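Listed below in structure tokens is the structure:
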């Protein structure tokens, strides 16, 4: 394997902190995010030769975004694999930079899921009220009304049946995320909650309760990635890409054990490329569409054995000061979730590695290496997993 460690670095970031923006377009949010991320890096849009974005709409493709911003990239990547698309993008940008195809890449995303009234994945009906029965693997499931939350509930119930995982253990994930959100002034929900609050919230799809499910917001952001030559002259300490892994998982005509997810394939590739172990990871950003997503992902990332996730996430282990702090911005469960949240994993991991929160309870002490894992699709069906490992200069 070619050694790509530190062949590219994150040099600029911006989170569009809006949680509700009915007065903005998705292109506007992306444009504002890109300009501010480039300013954070000390670069301009004329420096950008690679443009990476993901969207469920062609209106927000790289081609249209370049037109909107009057940019002329020589490399465009519209890879869309759900919420983890942006970890895939970082992997692709790393490869393109290492190959000499580009020097500066921008990864961006925006969504108006909340103000647009679109609850992504909650049913099988299209925007205009027509059933979505296009020829695809989903056609065999959507016909019977299976929803995204229903798929995750199925996984949660299976995990409980096989390993004795409890609703109280799942609730520990929500409690940890809310604890971190309480230190994030931009988080949608900041008031502390308890395990009892979570398990007493109304059931959405048994065994998942309301507080086991992510919030729905507007939002967006941008990440600037550059070659080492450019990175050394940017405004901030570079955050280097050490390793990356990608995987797609699907049912395979019923041959796949639904308890194992794409992280089981993507994470070994990232760790091997990075040349680090789990003990080297100071904090992690883990996609948290639902509480069970975190439990399953931590298991298949290798932080604990299969079936031990419920115990692993309990007792404050996931909070700053615990054994493995995760989602220090409050995650999708409390801060924001505008449809595809993977870009926010890169943003917060970068902030932690820059030590932007020094002197506050949000900063992971002496944070040197961080992992980000994005999940797209639904764990009980076809989905993606992108794992990246980042390091402070």
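In my numbering, the protein residues as written are 10 to 402.
Glycine residues also receive a C-beta, built at the ideal position from the N, C-alpha and C atoms.
The model shown is predicted, which means the values in this text are computed figures rather than measured ones.
Within the same chain, and ignoring the five residues on either side of residue 160 in sequence, the residues whose Cβ sits closer than 6 Å to its Cβ are 387, 389 and 390. For residue 360, the enclosing alpha helix (DSSP H) starts and ends at 351 to 363. Taking a 10 Å sphere around the C-beta of residue 27, we find 16 or more other C-beta atoms and assign the residue as buried. The Cβ-Cβ distance between residue 288 and residue 378 does not fall below 8 Å. Here residue 19 is not near residue 327, since their CB atoms are 8 Å or more apart. Minimum Cα-Cα distance from residue 269 among the listed residues 47, 56, 171 and 332 corresponds to 171.
A Cβ-Cβ contact shorter than 8 Å links residue 338 with residue 357. Listed in chain order, the non-local C-beta contacts of residue 318 below 6 Å within the same chain comprise 304, 307 and 308, local neighbours out to five positions each way being set aside. In the three-state reduction of the DSSP assignment, residue 176 falls in the helix class, which pools H, G and I. If the five residues before and after residue 81 are omitted, its C-beta is found closer than 8 Å to the C-beta atoms of 75, all from its own chain and listed in chain order. With contacts defined by Cβ atoms closer than 8 Å, residue 394 and residue 293 do not form a contacting pair. Sequence-distant Cβ neighbours of residue 372 in its own chain, meaning closer than 6 Å and more than five residues away, are 366. Across the structure, residue 110 and residue 331 are spaced so that their CA atoms are roughly 41 Å apart. In the three-state DSSP reduction, residue 57 falls in the coil class, being neither helix nor strand. In the same chain as residue 56, and ignoring 5 residues on each side of it, the C-beta atoms closer than 7 Å to its own belong to 113, in chain order. Residue 362 holds the alpha-carbon nearest to the alpha-carbon of residue 245 among 72, 362 and 73.
In the three-state reduction of the DSSP assignment, residue 382 falls in the strand class. Unbroken alpha helix (DSSP H) runs of no fewer than 4 residues, entirely contained in the stretch 38 to 111, are found at 71 to 78 and 94 to 107, following chain order.
Taken through DSSP and simplified to helix, strand or coil, residue 118 comes out as strand.
The beta carbon of residue 77 sits closer than 7 Å to the beta carbons of 36 and 40 from its chain, once the five residues preceding and following it are set aside; these are given in chain order. If you check the CB distance, residue 17 and residue 276 do not come in under 8 Å.
Its Cα nearest to that of residue 195, the residue 343 stands out among 349, 343, 376 and 12. Minimum Cα-Cα distance from residue 11 among the listed residues 79, 385 and 252 corresponds to 252.
60 is the residue among 274, 60 and 402 whose C-alpha sits nearest the C-alpha of residue 102. Looking only at 280, 197, 256 and 158, the smallest Cα-Cα distance to residue 274 is reached by 256. When the Cα atoms are used, residue 29 and residue 223 turn out to be separated by approximately 15 Å.
Less than 8 Å separates the beta-carbon of residue 295 from that of residue 382. Taking the CA atoms as reference points, residue 208 sits about 38 Å from residue 401.
Between residue 216 and residue 167, the C-beta gap is not smaller than 8 Å, which leaves the two residues out of contact.
The straight-line gap separating the alpha-carbon atoms of residue 225 and residue 312 is approximately 28 Å. Within the stretch 298 to 344, the runs of alpha helix (DSSP H) that reach at least 4 residues and sit entirely inside it are, in chain order, 300 to 310, 318 to 321 and 340 to 343.
By the neighbour-count criterion, in which 16 or more other beta carbons inside 10 Å mark a residue as buried, residue 83 falls on the exposed side.
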